[in-house]
Every structure is written in structure tokens, then in C-alpha cells.
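In the numbering used here, the protein residues as written are 306 to 515.
Heads up, the beta-carbon is just placed ideally off N, CA and C, and yes, glycines get one too.
Structure follows, in C-alpha cells:
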């Protein structure tokens with residue numbers, strides 16, 4: 306279950322980065338961070354990589370959903386996160402890369418769930434479970450089409466989105482290898498047990514003949 310520390314680290318990094326982008330204040334500690342203005346863009350590496358503050362009311366990478374679906378999206382994120390924690394526990398003795406992939410997905414799911422569930426209340430613009438996800442990484446790549454929409458630039462994303470994407474990519478790359486290895490181990494275990502069963506059967510036959 307140590308891979309859950311990876312999930313926790315992702316959540317912390319994700320939330321700290323979002324708070325510094327959006328801004329926050331802690332009056333009793335006399336701390337105030339103004340953050341960026343909505344829509345503000347800061348060049349990091351020319352036009353290739355920029356920090357651009359936007360708020361996403363929908364899914365990852367700016368995929369929008371209707372207002373009536375927001376509550377169910379937030380609820381689904383919560384249920385999926387709980388399910389992932391249970392599944393990671395269930396496969397705690399299996400391949401590390403498999404557990405690490407799921408831990409990355411879990412960390413990203415929780416990070417964006419916090420935005421949807423609590424940011425509306427925390428910043429005073431929406432009720433519980435109706436908040437917007439803070440996105441700010443903007444990278445210029447090639448044009449592409451996703452869910453019927455053509456993007457001239459890569460959708461603005463955050464640490465949580467990146468974590469989920471990396472986790473999914475790792476699963477796609479290594480899932481076949483993990484599955485084949487598991488099959489080989491099962492086959493080896495079966496072959497190991499077969500001679501023992503054969504010896505036992507022969508002993509029984511000899512006993513009957515005597």
C-alpha cells in the first residue's frame with residue numbers, strides 16, 4: 306500500500322500549485338497570495354509552454370459537461386476514487402508497475418475531485434460539488450481532434466490531469482507484459498504441481514494391485 310504515498314504526493318503538489326495560481330489567503334496567519342487573474346497567461350518557454358489560468362467546469366483537458374451533469378460528475382469522481390483505493394489494496398501483492406499506474410490515476414482523480422467538490426464553496430461562487438477545476442499548463446503541440454472537437458493547441462491542463470494521463474499510458478504499455486508474466490507464472494505453478502499428482506496416482510494404483 307506504499308504506492309498510496311504516490312497518490313498523496315500528487316494530490317499535495319496538485320492542490321498547492323492550483324492554490325498559488327488561483328490565489329488564497331489565511332488571515333489568522335497573515336498570509337495572502339494573489340495568484341493569477343483569470344485568463345492571464347505567462348510565457349515560460351516562448352509560446353511552446355505557458356502558464357495560462359482558466360477554470361474548467363467539466364472534465365479533464367477542458368472537456369465540458371452541462372450544469373445538470375456536474376453533480377453526478379463530482380459524485381462519480383468520489384466513487385471512482387474509493388473504488389481505486391479498494392482495488393489497489395486488493396492487488397497489493399501484484400506487479401508494482403500496475404499498482405503505480407493506478408496510484409497515479411487515483412492521485413489525479415482525487416486532485417480534480419477536490420476542485421469540483423470544494424472550490425465553489427471555498428471561493429464563494431458555487432455550492433458543494435459544483436466547483437470548477439483550475440487548469441494552467443498550456444503546451445503548443447500539433448492540431449488534433451478529440452470527441453469530435455478539433456483543438457489547434459493542446460487543452461490547458463493541470464498536475465492531476467497529467468498524473469491520470471501518465472498512469473493510463475503506463476497501464477497501456479505494461480498491461481500486456483504483466484498479463485503474459487502472470488500467465489507464465491500460473492503455467493509454471495501448474496506444471497510444478499502435475500508431477501506430484503502423478504506420483505500420488507501411481508502410488509494409489511500400486512496399493513490397489515497389492
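- Contact between the stretch 433-442 and the stretch 388-402 is absent: fewer than three C-beta pairs spanning the two stretches fall below 8 angstroms.
- Note on residue 415: 16 or more other CB atoms within 10 angstroms of its CB, so buried under the neighbour-count rule.
- In this model, residue 430 and residue 316 are separated by some 23 angstroms (Cα to Cα).
- Non-local C-beta neighbours of residue 309 in its own chain, meaning closer than 8 angstroms and more than five positions away in sequence, comprise 390, 393, 408, 411, ordered along the chain.
- Taking 8 angstroms as the cut-off, the beta carbon of residue 477 is found no closer than this to the beta carbon of residue 405.
- Using a 10 angstroms sphere on the CB of residue 339, the tally of other CB atoms stays under 16, which defines it as exposed.
- When beta bridges are read from the DSSP output, residue 355 appears opposite 348, 443.
- About 15 angstroms separates the beta carbon of residue 413 from that of residue 363, a gap too long to meet the 8 angstroms contact definition.
- Assignment of residue 461 by DSSP, reduced to helix, strand and coil, places it in the coil class.
- Here the alpha carbons of residue 459 and residue 447 stand approximately 8 angstroms from one another.
- Bounds of the alpha helix (DSSP H) holding residue 376 are 375-395.
- Residue 377 is classed as exposed because its beta carbon has fewer than 16 other beta carbons within 10 Å across all chains shown.
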